[in-house]
Amino acid sequence: MKKMLPPKGPGDNGLSLLPYEAVKWELIKAALELGVFNQFDEPLTAGTLAERLGTQPENTEFMLNSLTAMGCLKKCKGVFEMTPMARAYLDPASEQCIGPMLLFMERWTKPMMNGGMINLICDGPPPAANAGREEIWEQGARVSINNARAGRAQIIAGHVSALAEFSSFSNMLDLGGGPGMIAVAVLASHPSLKCTIMEQPAVCREAEELIAEYGMESRIKTLSGDYMEDPMGEGFDFIMANYTLNFYRDRMDELMAKIYKALNPGGVLLVTSDGLNEEKTAPAQSVITWLSTALLGMDMSFDRGFLADAMIKAGFISTQSSMVADLTIAAHGPMDVIVARKGRN
Ligand SMILES: C[S@@+](CC[C@H](N)C(=O)[O-])C[C@H]1O[C@@H](n2cnc3c(N)ncnc32)[C@H](O)[C@@H]1O
394 MKKMLPPKGP
404 GDNGLSLLPY
414 EAVKWELIKA
424 ALELGVFNQF
434 DEPLTAGTLA
444 ERLGTQPENT
454 EFMLNSLTAM
464 GCLKKCKGVF
474 EMTPMARAYL
484 DPASEQCIGP
494 MLLFMERWTK
504 PMMNGGMINL
514 ICDGPPPAAN
524 AGREEIWEQG
534 ARVSINNARA
544 GRAQIIAGHV
554 SALAEFSSFS
564 NMLDLGGGPG
574 MIAVAVLASH
584 PSLKCTIMEQ
594 PAVCREAEEL
604 IAEYGMESRI
614 KTLSGDYMED
624 PMGEGFDFIM
634 ANYTLNFYRD
644 RMDELMAKIY
654 KALNPGGVLL
664 VTSDGLNEEK
674 TAPAQSVITW
684 LSTALLGMDM
694 SFDRGFLADA
704 MIKAGFISTQ
714 SSMVADLTIA
724 AHGPMDVIVA
734 RKGRN
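Residue 394 is where the sequence shown starts when you use our numbering, and the numbers rise one by one after that.
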């Protein structure tokens with residue numbers, strides 16, 4: 394033999410499957426945009442669905458077969474029905490449906506696709522990228538309600554209610570609380586705690602609708618404003634900030650000092666966010682989630698330890714961090730929960 398084969402390789406870590414990951418997303422996206430998941434009040438054949446949607450019958454069947462392969466549908470003798478997973482997360486009738494949020498998230502990934510990434514790497518970010526526009530946050534708040542309701546709100550509320558001081562809390566502030574689903578979940582496990590959600594005006598309007606939906610008007614109020622620039626109030630015994638401090642990495646000392654001042658002596662701050670290692674290479678899912686905004690010139694990732702350091706600098710007497718990896722918060726990667734305590738004197 395002129396040449397020997399090399400030994401079998403070390404395993405490609407899924408590399409050879411990667412081009413098909415994009416196909417999976419296109420498949421779900423096509424199904425969401427065509428309204429496929431609205432149609433399954435009863436089991437259907439591909440032919441019936443194609444007739445209803447006005448799509449080509451053979452390719453409709455290929456789509457349905459592939460959705461079945463992805464765990465969204467079950468097929469028996471040519472008849473399709475939705476799985477419990479798809480009923481929960483993809484059926485627009487479900488209050489845990491995350492379809493609109495998945496489509497919204499494409500706003501961040503789209504500039505990377507179909508050659509966009511190489512342009513960003515070669516040329517750098519475009520001049521006018523801006524993640525902080527209020528109407529984007531308003532839309533983001535609306536589409537994030539079901540995602541929070543699907544588990545993130547309950548997980549964060551679980552961390553809050555596990556705090557030793559929880560039963561003694563009477564007045565809390567949710568900074569950048571979005572549509573308020575997490576605040577509702579926290580208050581649901583406390584008999585009398587009251588909450589102020591500080592948000593941008595348009596997001597406050599979304600929050601007010603949700604507060605009314607849960608009949609929490611007497612316990613949750615909104616405070617319309619910019620928490621960097623406007624007063625956030627004082628006299629709180631608990632402040633929570635979930636995935637919102639990232640925009641102010643460069644002003645963190647100022648922001649932490651403001652939060653510290655707003656808390657009563659003995660008060661508690663709980664922050665949830667991502668937390669990257671020192672080399673910014675792990676957790677993998679967080680690194681990949683942040684890649685798009687980073688390439689667009691808006692790197693908002695936190696290094697692990699950054700927030701805890703800023704908390705101590707502001708005067709908090711202790712910090713405690715734990716990492717939570719749960720599939721219902723998966724888009725962000727594992728979540729860092731950081732608890733800081735203000736001294737009593
Ligand atoms: C990623 S969302 C998180 C929402 C919610 N805390 C959650 O975890 O679902 C970030 C929120 O922070 C709000 N936000 C960002 N900067 C703010 C500021 N300076 N003042 C008030 N709200 C702000 C945005 O409007 C947005 O709703």
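The beta-carbon is built from N, C-alpha and C at its ideal position, and this holds for glycine as well.
- Segment contact: the stretch 490-510 against the stretch 526-538, three or more CB-CB distances shorter than 8 Å; contact assigned.
- The bridge partners DSSP lists for Gln-713 are Val-732.
- In this model, Met-633 and Val-717 are separated by some 17 Å (Cα to Cα).
- Using a Cβ distance threshold of 8 Å, Gly-726 and Thr-682 count as a contacting pair.
- Each residue's CA atom was taken as its position, placing Val-664 and Ala-462 some 38 Å apart.
- In this structure, DSSP gives Phe-497 a helical state, which the three-state scheme calls helix.
- Taking 8 Å as the cut-off, the beta carbon of Ile-590 is found no closer than this to the beta carbon of Ala-581.
- Judged by the Cβ position, Phe-695 fails to qualify as a neighbour of ligand 1 at the 7 Å threshold, every heavy atom of the ligand being at least this far.
- Annotation for Cys-490: no beta strand (DSSP E) segment contains it, and DSSP assigns it neither H nor E.
- Leaving aside the five residues that flank Glu-531 on each side, the residues in its chain whose CB is nearer than 7 Å to its CB run, in chain order, Ala-595, Val-596, Glu-599.
- Rounded to the nearest angstrom, the gap between the Cα atoms of Asp-702 and Arg-737 is 20 Å.
- Inter-residue distance for Ile-529 and Met-456 is about 31 Å (C-alpha atoms, whole angstroms).
- Scanning the stretch 640-687 from its first residue to its last, the whole beta strand (DSSP E) runs of 3-plus residues come out as 656-666.
- Annotated three-state conformation of Ala-707 is helix, per DSSP.
- Not one heavy atom of ligand 1 is found less than 7 Å from the C-beta of Tyr-413.
- DSSP places Leu-616 in the strand class (E or B) of the three-state scheme.
- Per the C-alpha coordinates, the member of Val-472, Cys-469, Gln-489 positioned closest to Met-478 is Gln-489.
- Closest option to Lys-614, judged by alpha-carbon separation, among Asp-646, Tyr-641, Leu-568: Leu-568.
- Gly-571 has its CB nearer than 7 Å to a heavy atom of ligand 1.
- Scanning the stretch 586-637 from its first residue to its last, the whole alpha helix (DSSP H) runs of 4-plus residues come out as 594-606.
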